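*Asks:*
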Amino acid sequence: WRLEALPAFAASGALHASGFPDRPPCWLPGYAAHDCGATFAVAGALAAVLVRARSGAGQTVEVSVQEAALNGMHPWSIPPADYARLYPMLPVSPPRNADGAYHVLGTADGYVRVLPGSPRQWRAFVALLGNPEALEGEHWGVPLFRLMNGDVVRAVAQEALAGRPRAEVLAEGRRLGVPITPVNTPEEFVAEEQTRVRGYFRRTGFPHLGDAPFAPAPFNFSRTPAVLERPAPAPDAASEGSFPPRAPGRPGGDGPQRPALAGLRVIDLGCGVAIPETGTLLAELGAEVIKIESRANIDFLRRVTVEPDAVDRSWTFNDASRGQLSVALDLRAPRGRELALALCAAADVVIENNRGDVVCKWGLDYEDVRRVRADVIYVASQGFGRGGPLGEASAYGPLNSAFAGVTWLWNHPDAPYPAGSALNHPDHIAAKLTAVAVLAALEHRRRTGEGQLIEMSQAEAAAYLLGEVYLEAPCTGRPAAQRGNAVLYACPHGVYPSAGEDRWVAIAVVGDEAWERFAGVLGWPLDPAFASLAGRLAARAELDRRVAEWTRARSVE
22 WRLEALPAFA
32 ASGALHASGF
42 PDRPPCWLPG
52 YAAHDCGATF
62 AVAGALAAVL
72 VRARSGAGQT
82 VEVSVQEAAL
92 NGMHPWSIPP
102 ADYARLYPML
112 PVSPPRNADG
122 AYHVLGTADG
132 YVRVLPGSPR
142 QWRAFVALLG
152 NPEALEGEHW
162 GVPLFRLMNG
172 DVVRAVAQEA
182 LAGRPRAEVL
192 AEGRRLGVPI
202 TPVNTPEEFV
212 AEEQTRVRGY
222 FRRTGFPHLG
232 DAPFAPAPFN
242 FSRTPAVLER
252 PAPAPDAASE
262 GSFPPRAPGR
272 PGGDGPQRPA
282 LAGLRVIDLG
292 CGVAIPETGT
302 LLAELGAEVI
312 KIESRANIDF
322 LRRVTVEPDA
332 VDRSWTFNDA
342 SRGQLSVALD
352 LRAPRGRELA
362 LALCAAADVV
372 IENNRGDVVC
382 KWGLDYEDVR
392 RVRADVIYVA
402 SQGFGRGGPL
412 GEASAYGPLN
422 SAFAGVTWLW
432 NHPDAPYPAG
442 SALNHPDHIA
452 AKLTAVAVLA
462 ALEHRRRTGE
472 GQLIEMSQAE
482 AAAYLLGEVY
492 LEAPCTGRPA
502 AQRGNAVLYA
512 CPHGVYPSAG
522 EDRWVAIAVV
532 GDEAWERFAG
542 VLGWPLDPAF
552 ASLAGRLAAR
562 AELDRRVAEW
572 TRARSVE
C-alpha cells in the first residue's frame, strides 16, 4: 500500500516520542522516513556493487522504509525493553516530553539548547547558571538522575537564563565548555558564520531555480568531490541523459557469498553515536571493526545507566557499538599512541568524531595515518564540521538539529517554546550517511587504489535531509514556518486522537482521488466544496475537527 511521508514517520515510532504531552505528537516536516529508506538503499546497493566486483554475482537489495526509519530515527526505542527486566524503573518507550533532557531554554532574545553529557560538562553548565544551590550534590552528576529529574533542571536553568542576552549566554557557555547552541530558524542557519565560512550552501545555477541555495551532501571527499551536474527532471519531461553501456561481469554462482566487507578492517576512534553506529553498520556488512577506548576518559554513553559504575550495562552504548571489538589504550601516553597508530596502519578505514584537534594531539589525524597507510579511507565527522569559529566546539545530535534550524521547524505553531523532539536526531541517520560515504570511497579505492579523507558536519547532515526547506523561501517567496502536522500539498493531513489514553493515528490524504476514497471510508457524502485541494485547505480546521470526532470514537486498530 502507498506510504506517505507522515504515516511513514509515525510507523517508525519517532512521531509518538515527539512534541509536548498536552498536544498531538508533532512530526518532523519533510520526508525523514523515506530519507532513511533511501540511505539504507544506497548503502545496500554500494555493498552489492562491491560483492559483484569480487564475485560477478548480482543480487536484489530489499529495504523496508519503516525498518529503515526505525533504525535511522528512533532505534533506542528497542533496547530498553530488554533492560527493563534488569531495571524495572526504566520506561520501555520514551515519553513524549518535549525537549526531554536536551533542554531548550529561553533567553532575553531567543532560545538556546544545551546538552551537558560528561561530568565536566555538567559542572560547566552549573557554573553558567551561577552555581545554584538546587543543583548541588553528587547525585546530580549521574546522567540518569538528571534525566529523571529534568523538570527541576529546566526550572532552575530557565530562571537563571531568562533575562540574559542570547549572545552573552552562548559566549559564556562556550568559554566554560558547555555544549550549547542557538535554536536557529533555517534562515538563521544559512546566515551563521560557521555555515558561511565552511561554504556549505551552494548555488544551483539552474535558470528555473534562479540563484537559490541548495543543501548538498554533508560530506567532503578529498579525492572525489560531489558534483551537481543537472537538476531533477521536470514532472512532464522525458528522461534526460544516458549512461554508456557497461560490459557484463563474469557470471557468479547462485550460492551465498561472503559478506560484502569481509576481510576489511575498520578502526573506530569515535564516541557517542554518530561514528560508532557507522562502525556498527560496517560490521553488519562483514567488516572487522575495532573500537579504541580509554579507561581514563570513558565514552559518555557508557555512563547512561542506572548504576554509576555499571559501564558495561549501558543500553545506548551497547546498541550503538554492537558487533565491534574493543581495546583500551591510553592515548595520552606515547606507548598508547604508538599502538593505536600501528592498528591504523593495518586498517582499511579509520573513523572518528572527536572534538576539535583531539586526534591531532594523539598523532592520529588523517595525515598521520596516511604516512603509515597510504590508501587509508579516513572519516572525520564533527558536530559543526572542521574549521570555522565552531570547529572545535562540543556538539551532540540535538544541538546539531537546533543549529541547523530543524528543532525550530519541528513544532506546532502554538507550542510554548521550540522544543522539537527529545530524540537525538540526526545522530543515527548521520551515522548511516557516513557509512554510505565510506562505501563509495571503498568502491573508488577498488577502481583506483586511492584512499582519501572524508570530512563531515553532522549539523549539515541535518540540513541536508531538509534540503527542500532551504529552497522553498527563495523559490516561492514563502519563509520557513512552523506548521505542526499540516502541509500545503495535502488535506486532511495530521495526527488525530483515537480511543484510549494517548493513542493517535496519522492520516495523510494526498490527491483528489485519495480524498474521495477517504470520504467513503468515513461515510461522508462528497461535498463539492472539498473536491479540490484548495477547497480542503481553506476548510482545514473544520475537516480536522470532523476527522478527530470520527477517530476519537474508534480504536487505532
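Here my numbering = 1-based position in the sequence shown + 21.
In this text, a Cβ means the ideal position worked out from N, Cα and C, and glycines have one as well.
None of the values given here were measured: they were computed from a predicted structure.
Which residue comes first and which comes last in the beta strand (DSSP E) that contains Ala401?
*Replies:* Per DSSP, Ala401 belongs to the beta strand (DSSP E) from Ile398 to Gln403.
*Asks:* Expressed to the nearest angstrom, what Euclidean distance is found between the alpha-carbon atoms of Gln179 and Leu156?
*Replies:* Roughly 13 Å separates the two Cα atoms.
*Asks:* CA-CA distance, Arg466 and Gly472?
*Replies:* Cα to Cα, Arg466 sits roughly 6 Å from Gly472.
*Asks:* Do the segment 327 to 345 and the segment 167 to 183 make contact, defined as three or more Cβ pairs closer than 8 Å?
*Replies:* Not touching, per the Cβ criterion.
*Asks:* Looking at the strands, I want to know which residues DSSP matches up with Lys312.
*Replies:* Looking at the DSSP assignment, Lys312 forms a beta bridge with Asp289 and Ser347.
*Asks:* Which partner residues does Trp525 have in the DSSP bridge list?
*Replies:* Answer is Pro518, bridged to Trp525.
*Asks:* Quickly, what does DSSP pair Met477 with across the bridge? List them, please.
*Replies:* Note: Met477 sits in a beta bridge opposite Phe240 and Ser402.
*Asks:* Could you check the C-alpha separation between Asp73 and Glu208 for me, to the nearest Å?
*Replies:* The sequence given here has Arg at residue 73, not Asp. Between Arg73 and Glu208, the C-alpha separation is close to 44 Å.
*Asks:* Do Arg187 and His124 have their C-beta atoms closer together than 8 Å?
*Replies:* Not in contact: Arg187 and His124 (Cβ atoms no closer than 8 Å).
*Asks:* Report buried or exposed for Arg324, applying the criterion of at least 16 other Cβ atoms within 10 angstroms of its Cβ.
*Replies:* Buried: at least 16 other Cβ atoms inside 10 Å.
*Asks:* Which of helix, strand or coil does DSSP assign to Thr202?
*Replies:* Strand.
*Asks:* Exposed or buried, which one is Pro137 when buried takes at least 16 other CB atoms within 10 Å?
*Replies:* Pro137 is buried by the Cβ-count criterion.
*Asks:* Determine, using beta carbons only, whether Val163 and Phe146 come nearer to each other than 8 Å.
*Replies:* Not a contact, by the Cβ cut-off of 8 Å.
*Asks:* Hey, Gly121 and Gly171: beta-carbon distance below 8 Å or not?
*Replies:* Contact: yes.
*Asks:* Considering only the alpha carbon of each residue, which of Val530, Trp545 and Gly441 lies closest to Leu558?
*Replies:* Comparing Cα-Cα distances from Leu558 to each of Val530, Trp545 and Gly441, the minimum goes to Val530.
*Asks:* Check each candidate in Val526, Thr497 and Glu481 and name the one with the smallest Cα separation from Glu213.
*Replies:* With distances taken between Cα atoms, Glu213 lies closest to Glu481.
*Asks:* Suppose you measure from the CA of Arg141 to the CA of Pro500; what does that come to, to the nearest Å?
*Replies:* About 40 Å.
*Asks:* My assumption, with CB atoms under 8 Å, is that Pro447 sits in contact with Ser422. Please give the rounded CB distance.
*Replies:* Rounded, the Cβ-Cβ distance is 6 Å, consistent with contact.
*Asks:* Per DSSP, which one or two residues make a beta bridge with Phe235?
*Replies:* The partner list for Phe235 (beta bridge, DSSP) reads Arg223.
*Asks:* Taking Pro437 as the reference, give the member of Gly194, Asp378, Glu88 and Gly127 with the closest Cα.
*Replies:* Checked all of Gly194, Asp378, Glu88 and Gly127; the closest Cα to Pro437 is Gly127.
*Asks:* On the CB-based measure, 16 or more other CB atoms within 10 Å of its CB, does Ser402 come out buried or exposed?
*Replies:* With 16 or more other Cβ atoms within 10 Å, it is buried.
*Asks:* List the whole-angstrom C-beta distance separating Glu298 from Gly406, where the pair is believed to meet the contact cut-off of C-beta under 8 Å.
*Replies:* Between Gly406 and Glu298 the Cβ distance is about 19 Å, and since that is not below 8 Å, they are no contact.
*Asks:* Can you tell me whether Glu373 is helix, strand or coil according to DSSP?
*Replies:* Strand at Glu373.
*Asks:* DSSP puts Thr128 in a beta bridge; with which residues?
*Replies:* Bridge partners of Thr128: Gly131.
*Asks:* By alpha-carbon positions, which one of Gly532, Ser519, Ser98 and Ala555 ends up nearest to Arg566?
*Replies:* Looking at the Cα atoms, Ser519 is the closest of the given residues.
*Asks:* Look at the Cβ atom of Tyr510, then the Cβ atom of Ile528, and state whether they are nearer than 8 Å.
*Replies:* No.
*Asks:* Answer yes or no: do Val400 and Glu373 have a C-beta to C-beta separation smaller than 8 Å?
*Replies:* Their beta carbons are under 8 Å apart, which means Val400 touches Glu373 by this criterion.
*Asks:* So, are the CB atoms of Ala368 and Val287 less than 8 Å apart?
*Replies:* Result yes, Cβ atoms of Ala368 and Val287 sit closer than 8 Å.
*Asks:* Straight-line CA distance for Arg23 to Asn152?
*Replies:* In a straight line, the C-alpha of Arg23 is about 54 Å away from that of Asn152.
*Asks:* What separation, rounded to the nearest whole angstrom, lies between the Cα atoms of Gly521 and Arg219?
*Replies:* Spanning the two alpha carbons is a distance of roughly 49 Å.
*Asks:* Between the Cα of Glu464 and those of Ala68, Glu159 and Asp43, spot the shortest distance and give me the residue it belongs to.
*Replies:* If we check each option's Cα against that of Glu464, Ala68 comes out closest.
*Asks:* Does the beta-carbon distance from Ala236 to Gly470 come in below 8 Å?
*Replies:* Result no, Cβ atoms of Ala236 and Gly470 do not sit closer than 8 Å.
*Asks:* As a quick exercise: from Arg223, Ala507, Gly307 and Val371, pick the residue whose alpha carbon is nearest that of Val248.
*Replies:* Ranking the options by Cα distance to Val248, first place goes to Arg223.
*Asks:* According to the neighbour-count rule (16 or more other Cβ atoms, all chains shown, within 10 Å of its Cβ), is His449 buried or exposed?
*Replies:* When all chains shown are included, His449 counts as buried.
*Asks:* So for Ser39, helix, strand or coil by DSSP?
*Replies:* If DSSP states are grouped into helix, strand and coil, Ser39 belongs with the strands.
*Asks:* Checking the sheet assignment: what are the DSSP bridge partners for Ser442?
*Replies:* In DSSP, Ser442 forms a bridge with Ser39.
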